[in-house]
Structures are given as C-alpha cells and as structure tokens.
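Asks: Chains G and D, in that order, give the protein sequences.
So for the first sequence, my numbering puts the first residue at 1292; every next one is plus one.
So for the second sequence, my numbering puts the first residue at 1292; every next one is plus one.
Note that the Cβ used here is the ideal one computed from N, Cα and C, for glycine as well.
2 protein chains.
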Amino acid sequence: MTNRFTLSVDMLGSETETNDILKGLNQSLLRNLNYKFQLYGSEKVIKKKIEKYKRLINAVEIIDCDSFITMEDKPSDILKSKKNSSMYLAIKSVTENKSNAVLSFGNTGALMSLSLLNIKTLKGIKRPAIASIWPNMKGESVVLDLGANTKLDSRYLVENSILGASLASILFKIDNPSIGLLNVGIEDNKGKEEIKLASDQLKELSNNFRLNYYGYVEGNDISVGKTNVVVTDGFTGNISLKTAEGTAKLFQSHLEDAFKSSISSKMGYFLSSLAMKSVRDRLDPRVHNCGILMGLNSLAVKCHGQSEYKGVSYAVDIIYSLLENNVNKKIRDYVSEMHSKLMN
Amino acid sequence: MTNRFTLSVDMLGSETETNDILKGLNQSLLRNLNYKFQLYGSEKVIKKKIEKYKRLINAVEIIDCDSFITMEDKPSDILKSKKNSSMYLAIKSVTENKSNAVLSFGNTGALMSLSLLNIKTLKGIKRPAIASIWPNMKGESVVLDLGANTKLDSRYLVENSILGASLASILFKIDNPSIGLLNVGIEDNKGKEEIKLASDQLKELSNNFRLNYYGYVEGNDISVGKTNVVVTDGFTGNISLKTAEGTAKLFQSHLEDAFKSSISSKMGYFLSSLAMKSVRDRLDPRVHNCGILMGLNSLAVKCHGQSEYKGVSYAVDIIYSLLENNVNKKIRDYVSEMHSKLMN
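Shown next as structure tokens:
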C-alpha cells in the first residue's frame, strides 16, 4: 500500500537556506515518488533555485508569499497582522484538507499556537506535545514533550505516553514500545505528586492493555536507551534537551581545541576526520533534529532553524512514514482502549 | 591568612576505591598543608592502603566503622538502624564541631536528608540546594539546584540565586557573578508563574543591590557560559544535568565506535589519544563532578560514586577554598542585605 501525500512547506522565517530545503525534498523524492509539496515562499527565489532538481519541479506547487513570521513575533501579533505569512498559509492549507501535514523551520512558538488554534487536537487528547527522536547507545528513542505544554499534570503525562508510543511503534516498527517516565530517581517514592499519579495510572493502563509502561527513568537513561519512549512535561523536556544539545556542542568544541594542541593530534584529527563527521551527523541537531507536534488532527513538524539538506530529507521521510502508517488512527485506538480500560 | 580545616570523609558505601580517596587526599595535601582528615571507614583497610602516602598518615585520624549506608537505604531506615554508619558518624562530627565539612561518595539522598536534619539550614535559608561546577565554552559556571529540593517555588529560586552567587564569587574570584534563571525561553512572558515571580524579585534585588541578575537563560546557555550562575529547581536541575551527562557519554561512545571503523581513523585515534584524554578529564564526571550541598551551617559535599583520585582532590580543594573564604558568612551577608532591601 502506497499513498500519495502532500506536504505544506513553510520556506521562510529561518536561517535554513532555500537550496537546503529544495535539495532535501528532492532527496526524499528520489527515494520515494509518493510525495507532493506545496512550497510557501518567494516564487522568484524558489523558481530560480529549483532549476537543478528536475524531478522536484514536477512535484511542487509554489504559493508565492513575501510575508513571514519572525522569531520575535508573538502569537497575538500574528493573528492580527501575519495572516498572509508563509507559515499561516501553510497551516491553513492543512486545515482546508489541501495538504496532509505542515513542515516549518521557523518560530516554534508560533507554529505551536497557530497549529493548536487551527488544526485542533484529536478527540480525547487535551494538549499536543512536541516529540523528538533522540539517539542513544542502542539506537533511538522518542522523547516528549519538548515544550508544547509546560504545565506538569498527570493527565498530560498519560496523554504524552500514548502519543509517544504511537510514534515509536511506527518509526521503530515495534508493537509495544516501552515507556519510561522521567523522574529524579527510580524508586517509587521519588518525584512530584503529579508524576506519582501518572505512574499509577500508567501501571493501571499497562495491566492487560497494550501500553508497555516500564516505570521511572532518569536523565542519563535517555542516552542509555533504557526505554523506547521517554515521557516528561514540556518545561523539563525543553530545558533538559537544550542542555543536552549544549553539552554535545561543548564536547565537540573541546575536542576540536584539544586536537589543535599538538602536531600529532593535528595529524590524528586529519586521519580521523571521517569518523568525526559520522559522529557529527549522528548527533548534530542541524541534521538530526525535528520536533513533531503530535496530538493534532494533522501533523505539524518543526525542523531546526539552521537545517542542512539531510535534516530536511530526514524530517520529510519521518512525516511520510507517520502518514503512511496512519499515526492518528493509532493514537485514536490507544485513546479509546484507554477509556474502556479506565471505565472497567 | 591560612587556616587549618578538618574534613570528615565517609570512605564507605560507594564504588569509589579506598586507594583513590587516599591518593586524592594526599594530592591535595601536597599542594596545601592546612588539611586534616577524619577518615570514617575500615581501619584495617585504610591502614594498609595509606602506607604509601607518608605525608597523609600524619594528617589523618581513622574512625573505624564497618556499617555503611547503601545506595538502596531509605532515610527512615537509616535513622532506625544506621546510626553507626560511616556517613552518619561523619556528619555527626561536623555537628559536634569536631570537623568543618563532610565529604561522601555514597547515597546522595541519605547525605541530603541526614545533613538537613543534623547540620540544619543557615538562618534566612529555608531549604538547602546542591550546586555543581559545570564546564562551559568560556570556563566554568555554577549550576544549582541539582536535586536537593524538587519543589518549584519563587522563594527557593531566590535563595538558590544567593547560594550560587556566594559560591561563584569565591570559586571564580569575581565580585558580582551574573545569575541566570533557567527557563524555556528568554522572553518575559515565558515559563511558569513561580519563575516569573522569582524573576521579578531578582530584578528588584539587583536594583541598587549587589546581586547581578541577568535574566532568563535556556538549557543550551549553560554550555555557552552566558552567566556565572544558572539557577533552577531541583527537579529540572537534576534531570537536565543527568541528561547532559548521558549525552557526553553518548558522544564519547559514538566517537570511539567511529574511530574503530577504519585503519586511518584507528591511527588517528592513536595520534590524538592525548587530546581525547584532555577532553575526558575536562568533561568526565568521575574527575570533575561534585555536588556541593549549600545553605547548611556546614558544608556537605557529595562526589561521584565512581570518583577517581583527581575527582577526590578536586573536591577537597573546592571545600578548602569555600571554608578559607568563609562561604557561609558570604551567604549570611547576602541574606541580610536581601532582607533590608525587600523591607525598604
């Protein structure tokens, strides 16, 4: 079964180069012909740069926009004055069923609030969450929420578990992904009341239900890969993942400095540059980072604001896989099973 | 001015080798003669292993204990059955003014609760916080709270700012260390109510007061080194710093794998091994990680449970520097200035 899906791409409002976006879309198209793209951006620029991607030319529709949402724009201002912006129009296309998902590289807060307002949440899901795929010692895990909803509430933690499990089961092709709840220790008495309550509910739901709740995990367990899904609130998730990104950059910077410190290590750096590049590709957020806004009636995905073409292509393939495997049906199934379980 | 300080060392209940502890203490003693140590552990083992550290032998008092607190022991059990444990006796020594500070490698939760119960908080400080010194692009910063107190409350965030500023001013030898409040964005409207309230109070306190409040910082700003002090609650701090530690390990593990992948990179790895070691030393928690429990009448410091001798020596030097510069007087001055400011 292969379906053709149309993706709305917001081309403006970030440091990501038009050429990187087009090259990334083209790469995905070379692997899989079932994409169509609506490109929201400057028609003149896109037409000039798309020339070298012959196959892509026939798979796109260009919607000329010159207005865009800046990183500083606030949601309230956007509703007043940015209704013709590339992001707003890209989201509108999804709500009008003219496309299946939206991809942006711009202002995350604006993408979240405009998507919530226009695309709206799935039945049974009160608040959306941003999920990301994070590398670990064993492969990858899904971590959420990374900042869609900063309120700590057991209900949201349970919802996030369902959203994360749906995502992980499709992307990692496993039936019952294990779910860990991020906490300051693994013992039952650790953490805040909201987390203990969520843990109790998840245990209840795991009992004779498809949900595979592992228990508490700690910050370092994300990298260990102890569970397929790591669930937290948007405040903790946002800060801890940004801290981790900063640490990876710091590590890389220290390493580069150290390599410059002697002739032998300079030569070592040269000889090992390919190895370094492979690490960079695996851990660099410009290549490997997209935030998937889940729990809405359609997917909205935010890529890093300085994405390289590989990052664009990576995000497009993830979106296709989620659409092809009907992630929202999976979420709805989980929600209805959850309700029947909690009623019994 | 040089004072002689006595440090109680809990030798048991962790994976840190007795020899690493003794070697670390000896290293510090070689640099600075003004230490005395009370060693709480197996007299037989210590006496055997201390043989090769001639200078250290004369600077220690050994208090023979065979009971110790395990990583699994709960505070309530400890009060019942572990009053003869090495950690309990080491803390008791501080409360009886027989030593000036306590150093442990064992159960963090037990160290926190026993210290809080016995050593008690400084006047004007409601809850202690665990601070750590974290490397960044520009040098180092103080980050706190890393898990002493998981409750998010503006009062605690302001207290943590004072504790962090006192620590940073001594360790980094600067008069007015800048303080950043960890949040999910830098705009005024970002984050939770408790954080906004703390930010308002810190602004108020920075106005004509020694406190140097910078404003909000994000997770990645810790590694950038945007401020000398980064303040957060113990829940967020614990999770984000453990996430960062995990990321550093992941980075290192990926790098080692990548280096094994070809002959040229194997040779590169060999040539650059010194550079790698320097990075490891700078970022490895076994060398560079101690949690300083601040806000109590005496310092209690928790080192990584698998510390190497360098980590032990590093912690001892930090404790000496804080005692020599009377960190608790600095905190009391901040507290009294804060009260006079808030009353005006």
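Helix, strand or coil for Asp1624 of chain G per DSSP?
Replies: If DSSP states are grouped into helix, strand and coil, Asp1624 of chain G belongs with the helices.
Asks: For the alpha helix (DSSP H) containing Ile1470 of chain D, name the first residue and the last one.
Replies: No alpha helix (DSSP H) contains Ile1470 of chain D, which is instead part of the beta strand (DSSP E) from Ser1469 to Leu1473.
Asks: If contacts are defined as beta-carbon pairs under 8 angstroms, then Val1434 of chain G and Ser1423 of chain G qualify, I think. What distance do you get, rounded to the angstrom?
Replies: At roughly 6 angstroms, the Cβ-Cβ gap stays under 8 angstroms, so Val1434 of chain G and Ser1423 of chain G are in contact.
Asks: Ordered along the chain, which non-local residues of its own chain (more than five positions away) have a Cβ less than 6 angstroms from that of Tyr1560 of chain G?
Replies: Excluding sequence neighbours, Tyr1560 of chain G sits near Phe1550.
Asks: For the stretch 1328-1412 of chain D, which segments carrying the alpha helix (DSSP H) assignment without a break, of at least 4 residues, lie completely within its bounds, in sequence order?
Replies: Within the stretch 1328-1412 of chain D, the complete alpha helix (DSSP H) runs of at least 4 residues are 1334-1341, 1345-1348, 1366-1372, 1377-1386 and 1399-1409.
Asks: For the beta strand (DSSP E) that contains Leu1532 of chain D, what are its first and last residues?
Replies: Run containing Leu1532 of chain D: none in the beta strand (DSSP E); it sits in the alpha helix (DSSP H), Gly1525 to Phe1550.
Asks: Quick one: give me the first and last residue of the alpha helix (DSSP H) that Gly1596 of chain G is part of.
Replies: Careful: Gly1596 of chain G lies outside any alpha helix (DSSP H) and carries neither H nor E.
Asks: Can you tell me whether DSSP reads Thr1309 of chain D as helix, strand or coil?
Replies: It is helical.
Asks: Just to make sure I have the definition right: I need the residues of chain C whose C-beta is within less than 9 angstroms of the C-beta of Ser1531 of chain G. Which are they?
Replies: Checking the listed chains, one finds no chain C in this structure; the protein chains it contains are G and D.
Asks: Can you list, in chain order, the residues of its chain with a C-beta nearer than 7 angstroms to that of Ile1360 of chain D? Leave out the 5 residues immediately preceding and following it.
Replies: Within the same chain, Ile1360 of chain D has close Cβ partners Gly1304, Ile1369, Lys1373, Ser1376, Met1378, Gly1397, Asn1398 and Ala1401.
Asks: So with CB distances below 9 angstroms, who are the chain G contacts of Val1427 of chain D?
Replies: Per the sequence shown, the amino acid found at residue 1427 of chain D is Asn instead of Val. Those are Gly1537 and Leu1541, listed as they occur along chain G.
Asks: Report the option in D:Leu1458, D:Ser1445 and D:Gly1537 whose CA atom is closest to the CA atom of Lys1487 of chain D.
Replies: The residue with the shortest Cα to Cα distance from Lys1487 of chain D is D:Ser1445.
Asks: Counting pairs of Cβ atoms below 8 angstroms between the stretch 1484-1503 of chain G and the stretch 1496-1505 of chain D, do you hit three or more?
Replies: With a cut-off of 8 angstroms, the stretch 1496-1505 of chain D and the stretch 1484-1503 of chain G do not count as touching, because too few Cβ pairs lie within range.
Asks: Got a sec: is the Cβ-Cβ distance from Gly1602 of chain G to anything in chain D below 8 angstroms?
Replies: It does not; no Cβ of chain D falls within 8 angstroms.
Asks: Given 8 angstroms as the limit, is there contact between the stretch 1452-1472 of chain D and the stretch 1518-1531 of chain D, that is, 3 or more CB pairs closer than that?
Replies: Output reads yes: the stretch 1518-1531 of chain D touches the stretch 1452-1472 of chain D.
Asks: Roughly how many whole angstroms lie between the Cα atoms of Tyr1331 of chain G and Asn1349 of chain G?
Replies: Answer to the nearest angstrom: the Cα atoms are 16 angstroms apart.
Asks: Check whether chain D comes within 8 angstroms of Leu1435 of chain G, counting only Cβ atoms and requiring the distance to be less than that.
Replies: No, Leu1435 of chain G does not count as interfacial toward chain D.
Asks: What did DSSP end up calling Thr1297 of chain D once you bin it into helix, strand or coil?
Replies: Thr1297 of chain D falls in the strand class under three-state DSSP.
Asks: Does any residue of chain D bring its CB to less than 8 angstroms from the CB of Ser1305 of chain G?
Replies: By this cut-off, Ser1305 of chain G is not an interface position.
Asks: Quick one: is the Cβ of Phe1542 of chain G within less than 7 angstroms of any heavy atom of the ligand ZN?
Replies: By its list of ligands, the structure shown contains no ligand whatsoever, and the ligand ZN lies outside what it can speak to.
Asks: Of all Cβ atoms in chain D, is any one closer than 8 angstroms to the Cβ of Ser1490 of chain G?
Replies: Answer no: the Cβ-Cβ gap between Ser1490 of chain G and chain D never drops below 8 angstroms.
Asks: Can you name the residues that DSSP bridges to Val1520 of chain D?
Replies: BP columns for Val1520 of chain D point to D:Val1433 and D:Ile1470.
Asks: Can you pull the chain G neighbours of Glu1441 of chain D, defined as C-beta to C-beta under 9 angstroms?
Replies: Position check: residue 1441 of chain D holds Thr in this sequence, whereas Glu was assumed. Result: Val1475, Lys1481, Gly1482 and Lys1483.
Asks: Going straight from the alpha carbon of Leu1541 of chain D to that of Lys1481 of chain G, what length do you get?
Replies: When rounded, the distance between both Cα atoms is 26 angstroms.
Asks: With H, G and I counted as helix, E and B as strand and the rest as coil, what does DSSP make of Ser1423 of chain D?
Replies: In this structure, Ser1423 of chain D counts as strand in the three-state DSSP scheme.
Asks: Kindly list, in the order they appear in chain D, the residues whose Cβ is closer than 9 angstroms to that of Gly1438 of chain G.
Replies: Result: Val1475 and Gly1476.
Asks: At the 8 angstroms Cβ level, is Ile1470 of chain G part of the contact set with chain D, yes or no?
Replies: It does not: the Cβ of Ile1470 of chain G has no partner Cβ on chain D nearer than 8 angstroms.
Asks: From the DSSP output, read off the bridge partner residues of Met1629 of chain G.
Replies: Beta-bridge pairing links Met1629 of chain G to no other residue.
Asks: Taking 8 angstroms as the CB-CB cut-off, is Ser1358 of chain D touching chain G?
Replies: Cβ-Cβ to chain G under 8 angstroms: no for Ser1358 of chain D.
Asks: Please name the residue, chosen from D:Ser1531, D:Val1508 and D:Thr1527, that lies closest to Ile1513 of chain G on a Cα-to-Cα basis.
Replies: Ile1513 of chain G has its Cα closest to that of D:Ser1531, out of D:Ser1531, D:Val1508 and D:Thr1527.
Asks: With a cut-off of 8 angstroms on the beta carbons, I'd call Asp1301 of chain G and Ser1598 of chain G a contact; round off their distance for me.
Replies: Their Cβ separation, rounded to whole angstroms, is 12 angstroms, which puts Asp1301 of chain G and Ser1598 of chain G out of contact at 8 angstroms.
Asks: Is it buried or exposed, Glu1484 of chain D, if we count other Cβ atoms within 10 angstroms and call 16 or more buried?
Replies: The residue is exposed, with fewer than 16 neighbouring Cβ atoms inside 10 Å.
Asks: Would you mind reading off the limits of the beta strand (DSSP E) that contains Gly1506 of chain D?
Replies: Where Gly1506 of chain D is concerned, the enclosing beta strand (DSSP E) stretches over Asn1503 to Val1508.
Asks: Out of D:Met1362, D:Ile1353 and D:Lys1371, point me to the one whose CA is closest to Ala1381 of chain D's CA.
Replies: Per the Cα distances, D:Ile1353.
Asks: The alpha helix (DSSP H) that contains Ile1461 of chain D, what's its start and end?
Replies: Ser1445 to Leu1462 is the span of the alpha helix (DSSP H), which, as asked, contains Ile1461 of chain D.
Asks: Can you list the residues of chain D that Val1515 of chain G reaches, using a CB-CB cut of under 8 angstroms?
Replies: Gly1537, listed in chain order.
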